[in-house]
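Chains G and H are the protein sequences, given in the same order.
Residue 236 in UniProt numbering sits at position 236 of the first sequence, and the numbers go up by one each step.
Residue 239 in UniProt numbering sits at position 239 of the second sequence, and the numbers go up by one each step.
To keep things clear, I will list the structure first and then write my remarks on it.
There are 2 protein chains.
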Amino acid sequence: MSQTLSVQLRLRDLIVSGEMPPGERLSEPSVAERLGASRTPVRAALARLAEEGLVEPIPSGGFAVRSFAEEEIQDAIELRGTLEGHAARLAAERGAPAAALAEMKRLIARMDEATSPPIREGNFTDYVALNAHFHELLVETAGSAVVARQIGRVVALPFASPSGFVLAQAALPEAHRVLTAAQEHHRGVVEAIEHREGARAEALMREHARLARRNLDFVMRNQESLRLVPGGALIRRRSWA
Amino acid sequence: MSQTLSVQLRLRDLIVSGEMPPGERLSEPSVAERLGASRTPVRAALARLAEEGLVEPIPSGGFAVRSFAEEEIQDAIELRGTLEGHAARLAAERGAPAAALAEMKRLIARMDEATSPPIREGNFTDYVALNAHFHELLVETAGSAVVARQIGRVVALPFASPSGFVLAQAALPEAHRVLTAAQEHHRGVVEAIEHREGARAEALMREHARLARRNLDFVMRNQESLRLVPGGALIRRRSWA
DNA sequence: CGTGTCGGGGCTGTATACAGACTGTCCTTT
DNA sequence: AAAGGACAGTCTGTATACAGCCCCGACACG
C-alpha cells in the first residue's frame, strides 16, 4: 500500500472515530510526525480528505477537521434520497438485468432473516453489511457511471451513507417498525424496477432516505447512541457557534 | 496565483480546447516541462483534474485525457436536471428571499432582451453569461451548501454545465423556439418558487435540462457546431472503441 | 523465424531542502 | 498602562534528489 493511501485511511479513521476533534488544525508537519510519513504523502492525503469533505482549508493555511451542523446532515441525507431515487428511476426506465433483480431479492431475504428472531449478537452488523450491499447494487443497476460516481461522493460523508444510522437505530424503541418499513421500501423498489415503474421506484427511494432523517432526529436526542454513529463526534447540535 | 492553480487552469484549457487529444498520456515530467513548473504542482493539478473527471488514471501509471461517450453526457445532463430540480424544490419548500426572486426576474428580463431583435454580435454570449448567472443564483437560493457543492461537481464537466450547448445552439434552426421554451421554464420556476410549489419547480428544472439533451443530439449531427461546444473535442460519437 | 531474457530509459512515489509568508509574543515607546 | 513594532518560530508552496518499478526494445538462442 502506498504511503499516501495509508495516511489517508488512518487519518480518516482518526477523524471519524472522534480522536481528532472538530476544529483541530491539521498542519502537514504535525500529521507527518504523528503518522510517520513525510510531508509529501500527507499533503496528498489531506487534499483527498478535503475533497471528501472531512477536512476543510482554513484561512491561515492548512486544514482543520470539519464539524457538521445537523441541518447539513439532513440536507445530505435528503440529497442522497434524491440521487438514489434518480438511480432507481433509471434502472426502472432502462430495464435491469434479471440477475441483478434476483440478487437484490436475495439480499432482502437475508436482511429479513437478520432482523427476525432469534436476535443474535451481530445480527445488526449483518444487516448493515447487507443493506450497504443492496444500495450499492441498486446504484450499479442504474448503469450510469456518472450517477454512480456522484452518489459515491455524497456517501463518502459517513453519516450520509445508507448504513450510517442503522447501528444506532438498534437502540431506538421503534427499531422494529423502522426496519420493517425499510424492508418494505426495498421490496417495493425492486418490484417497481421489475415492472418498469420509474416514478414509483424514485418516490420509494426518496421516502426510504427519510428513515435516515428520522434516525438522525432520534440520535441527536440520545447522546449515548450518537457514539454508535460513524463520525458522530463531528456533528454539532442545532445552533452552536 | 500559485503554480498549482496556474498549471491546473492552463492544463484544463489545453484539454477543453482540444489541444490535448483524448487518450493522450500526461506524465508529470512532460507536463512540467511543457508548462514550465516543477513536478510537485503538476502532480497536484493532475489530481484535481482527475477529481473533476477531465483526466483519468491509467494502469501504467500517470493520467490520460478522458473521452466521453455521448450516452455519458446525456446521463450527466439528466443528472444535472435532477439536482437542479432538487435545488428548485428546496427553494420553493423553504421559501426564497424576495431579493433573490427579484434578481432572478431581472436576469430573465435581460435574457429576453438579449434574444429579441435586433440581433447584435455578442447577444448570444450575453445570454450565456446571464443564463449561467441565473442557474448559479437558483442553486444559491436553495440555501444548502451540500447541494451547491454537489451541483458544482456535476457542472465541472464543461458539457454538463447549463450553458454548455447554448452557444452551439445558435446554429440550430429551432434556436428561437428552444430559447423561448427555456425562458418559459425560467419564468415558471421563479413563479413556482414564489408560490411554494415544490413539485412544479422541480419538474420544470428537469424538463429544462432536457433542452440541453436536445441540443446535444443536434450538435452530434453537426460536426461544425461541435467545435463551439466547450470540450467538444472530448466527445466521441456513439459506439467507437 | 519465433520466443525468451536481459538491459536501459523513464516514470511514479517519497523524502527533503529552501524561500517566502504569517502568526503570535514580547519588548519598547508613548 | 496600552499600543505598536520587531523578531522568532512555524507553516505552506515549490523544487529537486533518489529509489524502486515497469515497460519496451534489442539481442541471443532454440
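Think of the CB as a built atom: it goes at the ideal place given N, C-alpha and C, for glycine as much as any other residue.
This structure is a prediction, so every number in the text was calculated from the model and none was measured.
Check, Outcome
"Look at Met-111 of chain H and Asn-131 of chain H and say whether their C-beta atoms are less than 9 Å apart.", "yes"
"Suppose you measure from the CA of residue 243 of chain H to the CA of Gly-152 of chain G; what does that come to, to the nearest Å?", "Chain H is shown only over 1 to 241; residue 243 of chain H falls outside these bounds and no answer can be derived."
"Which whole-angstrom value is the C-beta distance of Arg-12 of chain G and Leu-35 of chain G, which I expect to be below 8 Å?", "Actually they do not touch by this definition, with Cβ atoms about 12 Å apart."
"Closest by CA to Gly-232 of chain H, which one among H:Leu-167, H:Arg-177 and H:Leu-79?", "H:Leu-167"
"With a threshold of 9 Å between beta carbons, is Val-146 of chain G in contact with chain H?", "yes"
"Per the contact definition of three or more C-beta pairs closer than 8 Å, is the region 91-107 of chain G in contact with the region 155-173 of chain G?", "no"
"Should Glu-78 of chain H and Arg-210 of chain H be called a contact, given that it needs their Cβ atoms to be closer than 9 Å?", "yes"
"Just the C-alpha distance for Arg-187 of chain H and Pro-22 of chain H, rounded to the nearest angstrom, thanks.", "39 Å"
"Ignore the nearest five residues each way along the sequence and tell me which others in Thr-125 of chain G's own chain have a CB closer than 8 Å to its CB.", "Leu-167"
"What distance in whole Å lies between the Cβ atoms of Ala-91 of chain H and Ala-201 of chain H, which are believed to be in contact at a cut-off of 8 Å?", "7 Å"
"When you compare each of G:Gly-18, G:Arg-236, G:Arg-25 and G:Val-128 to Pro-59 of chain G by their alpha carbons, which one comes out closest?", "G:Arg-25"
"Looking at chain H, is there any beta carbon in it that lies within less than 9 Å of the beta carbon of Arg-236 of chain G?", "no"
"Measuring alpha carbon to alpha carbon, tell me which of G:Asp-75, G:Phe-68, G:Leu-46 and G:Ile-73 ends up nearest Gly-61 of chain G.", "G:Leu-46"
"Between which two residues does the beta strand (DSSP E) harbouring Val-229 of chain G extend?", "Run containing Val-229 of chain G: none; DSSP gives neither H nor E here."
"Kindly indicate if chain G contains any beta-carbon less than 9 Å away from that of Ala-192 of chain H.", "no"
"Would the beta-carbon of Gln-3 of chain H fall within 9 Å of that of Ser-38 of chain H?", "yes"
"Quick one: what's got a C-beta closer than 7 Å to Arg-10 of chain G's C-beta in the same chain, skipping five residues either side?", "Leu-35"
"Can you tell me the Cα-Cα spacing of Glu-72 of chain G and Arg-214 of chain G, whole angstroms?", "14 Å"
"Rounded to the nearest angstrom, how far is the Cβ of Ala-148 of chain G from that of Val-154 of chain G, given a contact under 8 Å?", "With 8 Å as the limit, Ala-148 of chain G and Val-154 of chain G do not qualify as a contact, their Cβ atoms being about 11 Å apart."
"Taking the straight line between their C-alpha atoms, what separation do you get for Ile-193 of chain H and Glu-184 of chain H?", "14 Å"
"Can you look up Leu-46 of chain H in the DSSP assignment and give me helix, strand or coil?", "helix"
"Less than 8 Å between C-beta atoms, sequence neighbours within five positions excluded: which residues of the same chain meet that for Gly-95 of chain G?", "Arg-196"
"Do we get a CB-CB distance below 9 Å when we pair residue 243 of chain G with the residues of chain H?", "Absent from the model: residue 243 of chain G. The displayed extent of chain G is 1 to 241, so no value can be given."
"Kindly list, in the order they appear in chain G, the residues whose Cβ is closer than 9 Å to that of Val-154 of chain H.", "Val-146 and Gln-150"
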